[in-house]
Amino acid sequence: MEIPAKMVSDLRAKTGAGINDCKKALQDASGDFEAAIEILRKKGVATADKKAGRHAGQGLVHSYIHLGGKVGVLVEINCETDFVAKNEEFKQLCADICMHIAALSPIYLSCEEVPADIIAKEREIAAAQAAGKPAQAIEKIVEGKLNAYYKDVCLLEQPFVKNQDVSVKDYLTQFIAKMGENTVIRRFARFQVGA
Numbered sequence: 006m007e008i009p010a011k012m013v014s015d016l017r018a019k020t021g022a023g024i025n026d027c028k029k030a031l032q033d034a035s036g037d038f039e040a041a042i043e044i045l046r047k048k049g050v051a052t053a054d055k056k057a058g059r060h061a062g063q064g065l066v067h068s069y070i071h072l073g074g075k076v077g078v079l080v081e082i083n084c085e086t087d088f089v090a091k092n093e094e095f096k097q098l099c100a101d102i103c104m105h106i107a108a109l110s111p112i113y114l115s116c117e118e119v120p121a122d123i124i125a126k127e128r129e130i131a132a133a134q135a136a137g138k139p140a141q142a143i144e145k146i147v148e149g150k151l152n153a154y155y156k157d158v159c160l161l162e163q164p165f166v167k168n169q170d171v172s173v174k175d176y177l178t179q180f181i182a183k184m185g186e187n188t189v190i191r192r193f194a195r196f197q198v199g200a
């Protein structure tokens, strides 16, 4: 099937994928634009997963001070090469993550950083709230409430401030797929006057 160049160009503009990848995805999807997007998304996640084990020793420390100087954020984001660290898209990623942290006040970077005693306390509270329900339902309710807690306090689990349809982790995965190298949010600090 011959794919029109305009269609390839539109797909590239929408996804940020390479021209050859867009053309192949459209061919594999028999010209179906939405199916091609899905193919590219799946390929991007697979690519990002492959890159996750690679060492990210370059990067930036980025700062953000919210209007009025009442909230400030520092974040360290690492990538594999200095070339990517100097790229405008990488700088924009850093700025977006800083703005997200300023707006949503995460406490931890990931679920793995939440202390065991806090998880146990959250499980206890959720179980008490579900008291009187069947045992199987209680376990599902507790897991659901724990996942909701993670979305509140863990940066990587939070819905991304600029696109609520994806988590920060998914936003980062999309960036890795687009840039072709491992990128890691290493740490962050959020400061607020009077807090």
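Count along the sequence shown from 1, add 5, and you get the number used in our numbering. Built from N, CA and C at the ideal position, the CB exists for glycine as well. Note that the structure is a prediction, hence the values are computed from the model and not measured.
Can you tell me whether residue i is buried or exposed, with buried defined as 16 or more other CB within 10 angstroms of its CB?
| i | result |
| --- | --- |
| A136 | exposed |
| I112 | exposed |
| A51 | Residue confidence is low: A51 scores 47 on pLDDT, short of 50, so the model does not pin down where it sits. Its coordinate-derived value is still stated next. A51 should be labelled exposed. |
| D170 | exposed |
| N152 | exposed |
| I190 | buried |
| I3 | The shown model of the chain, from 6 to 200, leaves out residue 3, and the question about it has no answer. |
| D26 | buried |
| G64 | buried |
| Q134 | exposed |
| F88 | exposed |
Which first and last residues belong to the beta strand (DSSP E) in which residue i is found?
| i | result |
| --- | --- |
| T86 | No beta strand (DSSP E) contains T86, which DSSP labels as neither H nor E. |
| I102 | No beta strand (DSSP E) holds I102; the alpha helix (DSSP H) holding it covers 93–109. |
| D37 | It is not in any beta strand (DSSP E) - D37 carries neither H nor E in the DSSP assignment. |
| A194 | 188–197 |
Going by alpha carbons, who is nearest to residue i out of the options?
| i | options | result |
| --- | --- | --- |
| F196 | V166, S110, V158 | S110 |
| P120 | V158, K167, Y176 | V158 |
| E85 | R192, A194, I181 | I181 |
| F144 | E162, Q63, E129, K91 | Note that residue 144 is Glu in the sequence shown here, rather than Phe. Per the Cα distances, E129. |
| C99 | E7, K75, L177 | L177 |
| K75 | A108, I146, E93 | A108 |
| K47 | A30, G62, Q63 | A30 |
| R17 | K28, I8, E7 | K28 |
| L114 | L160, K19, E7 | L160 |
| G62 | Q141, F38, A90 | A90 |
So residue i and residue j are in contact, right, with Cβ under 8 Å, and what is the actual spacing, rounded?
| i | j | result |
| --- | --- | --- |
| A125 | K150 | Actually they do not touch by this definition, with Cβ atoms about 13 Å apart. |
| I102 | I82 | 7 Å |
| H202 | F165 | Coverage of the chain is limited to positions 6 through 200, which leaves residue 202 absent and any answer about it impossible. |
| I146 | K156 | With 8 Å as the limit, I146 and K156 do not qualify as a contact, their Cβ atoms being about 16 Å apart. |
Work out the CA separation of residue j and residue i for me, nearest whole Å.
| i | j | result |
| --- | --- | --- |
| A41 | K174 | 22 Å |
| S14 | D122 | 52 Å |
| E117 | K11 | 45 Å |
| A53 | T188 | Its pLDDT being 49, under 50, A53 is placed unreliably by the model, and the measurement read from it follows with that caveat. Each residue's alpha carbon lies about 9 Å from the other. |
| A200 | L72 | 17 Å |
| G36 | E186 | 29 Å |
| V78 | Y154 | 22 Å |
| Q97 | M184 | 13 Å |
| Q179 | V198 | 34 Å |
| Q163 | A194 | 16 Å |
| Q32 | K19 | 17 Å |
Within the continuous alpha helix (DSSP H) that includes residue i, where are the two ends?
| i | result |
| --- | --- |
| Y69 | Where Y69 is concerned, there is no enclosing alpha helix (DSSP H), although the beta strand (DSSP E) it sits in stretches over 63–70. |
| N168 | Taken as a continuous stretch (DSSP letters only), N168 belongs to no alpha helix (DSSP H), being part of the beta strand (DSSP E) at 168–172. |
| C116 | Looking at the DSSP string, C116 is not in any alpha helix (DSSP H), and its letter there is neither H nor E. |
| G149 | 140–158 |
| K28 | 24–33 |
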